[in-house]
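Residue numbers (the numbering used here): 241 to 563.
Here it is in structure tokens:
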């Protein structure tokens with residue numbers, strides 16, 4: 241293994257551990273605070289699950305499809321499609337969150353009467369179900385030509401099985417760029433709507449309650465739009481590089497650019513839990529609750545061990561006598 245490969249693998253391993261631990265903390269914090277039963281936070285859990293899967297599944301598979309393991313063509317194709325699946329689930333989860341925020345702000349009374357956590361579970365299931373056929377389209381025939389011998393194996397590489405035309409036109413333009421554009425428009429509308437209503441002069445108590453509600457919605461929308469912006473900034477470089485390779489040829493850019501872009505795209509899944517900790521009060525409260533419980537359990541264990549040692553002087557006496 242070369243020095244560059246060692247550095248790349250080590251960085252990917254650190255990101256994978258961060259993804260797993262950070263997103264487990266997000267899921268546990270929302271579970272502990274029972275916020276998982278609220279529609280928006282149910283969708284955030286779906287995003288956290290996909291980010292967790294990036295660390296547990298996608299990153300190890302990305303290392304595998306870097307030309308280090310010999311597999312059959314279909315196995316390599318399946319692994320590559322799994323990586324695409326988790327990316328698309330993240331995009332669709334972000335899309336669902338943006339639509340949820342849009343409906344909650346624009347028609348709040350209907351939203352409160354109608355939308356429940358059960359509806360959110362259905363939306364989450366729809367995101368995963370819709371992402372599966374879109375991500376596994378290459379296995380239906382849109383893939384590169386397999387080796388001549390069906391029983392032969394080769395060094396599995398993503399670019400050897402997935403056509404760049406699929407990555408540019410289908411994956412990037414249709415499945416990533418289009419939803420990102422729609423989400424940007426939705427968040428722009430949300431902020432303009434909230435700003436316009438907050439400029440109204442204070443009136444009666446009901447009006448003041450509405451102002452408070454809108455301020456809370458603005459704070460949460462700002463946090464979630466930051467998550468969207470970080471996702472776009474993390475994934476656009478890799479997609480732009482794919483476009484350059486498709487239109488200019490595979491030698492248009494140094495391979496180091498590709499590795500940096502891949503690491504950046506994976507790092508996004510580790511950054512989201514940090515954003516939640518600073519920007520989303522309910523998740524921050526969940527973090528604090530888990531940390532306090534962990535510290536309390538550690539303290540109780542130390543006290544218990546100390547008490548057992550104090551209550552068993554005979555063992556201490558025997559150890560001294562043996563010395």
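For glycine and all other residues, C-beta sits at the position ideal for the given N, C-alpha and C.
Is residue 244 near the ligand MG - that is, is its Cβ less than 7 angstroms away from at least one heavy atom of it?
Absence of the ligand MG is noted for the structure shown, with no ligands found whatsoever.
Look at residue 492 and residue 484 and say whether their C-beta atoms are less than 8 angstroms apart.
yes
Can you confirm whether the stretch 298-312 touches the stretch 335-346 when touching is taken to mean that 3 or more C-beta pairs between the two stretches lie within less than 8 angstroms?
no
Starting from residue 396 and walking both ways along the alpha helix (DSSP H), at which residues does that stretch end?
Not the alpha helix (DSSP H): residue 396 falls in the beta strand (DSSP E), residues 394-397.
To the nearest angstrom, how far is the alpha carbon of residue 261 from that of residue 468?
21 angstroms
Report buried or exposed for residue 274, applying the criterion of at least 16 other Cβ atoms within 10 angstroms of its Cβ.
exposed
Look at the Cβ atom of residue 218, then the Cβ atom of residue 386, and state whether they are nearer than 8 angstroms.
Residue 218 is absent from the structure shown; the chain starts at 241 and stops at 563.
Put residue 520 into one of helix, strand or coil per three-state DSSP.
coil
Alpha helix (DSSP H) segments (min. 4 residues) lying fully within the stretch 416-503:
418-438, 445-488
For residue 509, tell me which candidate among 263, 250, 410, 522 has the shortest Cα-Cα distance.
263
What is the DSSP secondary structure of residue 251, reduced to helix, strand or coil?
helix
Is it buried or exposed for residue 456, if we count other Cβ within 10 angstroms and need 16 for buried?
exposed
For residue 243, name the three-state secondary structure that DSSP assigns.
helix
Specify whether the stretch 246-260 and the stretch 278-285 touch according to this definition: at least 3 beta carbon pairs, one from each stretch, less than 8 angstroms apart.
no
Would the beta-carbon of residue 364 fall within 8 angstroms of that of residue 351?
no
Can you tell me whether residue 355 is helix, strand or coil according to DSSP?
coil
Residue 324 classed as buried or exposed, judged by whether at least 16 other C-beta atoms fall within 10 angstroms:
buried
Secondary structure of residue 256, DSSP reduced to three states:
helix
Straight-line gap, residue 559 to residue 528 (C-alpha atoms, nearest Å):
Low per-residue confidence applies at residue 559: pLDDT is 48, beneath 50, and the placement is therefore not dependable, though the value from the model is reported in the following sentence. Each residue's Cα considered, the two are about 42 angstroms apart.
CB of residue 304 within 8 angstroms of CB of residue 428, strictly
no
Range of the contiguous alpha helix (DSSP H) that encloses residue 280:
279-293
Nearest neighbour of residue 381, chosen from 346, 252, 314, 392 [CA to CA]:
314
Output needed for residue 248: all residues of its chain with C-beta closer than 6 angstroms, excluding positions within five of it in sequence on either side, in chain order.
499
Which value, in whole angstroms, describes the spacing of the CA atoms of residue 361 and residue 409?
30 angstroms
Would you say residue 478 and residue 501 are within 8 angstroms of each other, going by their C-beta atoms?
yes
Going by CA-CA distance only, name the one from 280, 518, 268 that's closest to residue 356.
280
Using only CA atoms, which one of 370, 400, 394, 496 lies nearest to residue 384?
400
Would you mind reading off the limits of the beta strand (DSSP E) that contains residue 309?
306-311
Residue 533, DSSP secondary structure in three states
helix
Nearest-angstrom Cα distance between residue 317 and residue 330?
21 angstroms
Nearest to residue 476 (by Cα), restricted to the options 530, 513, 417, 496:
417
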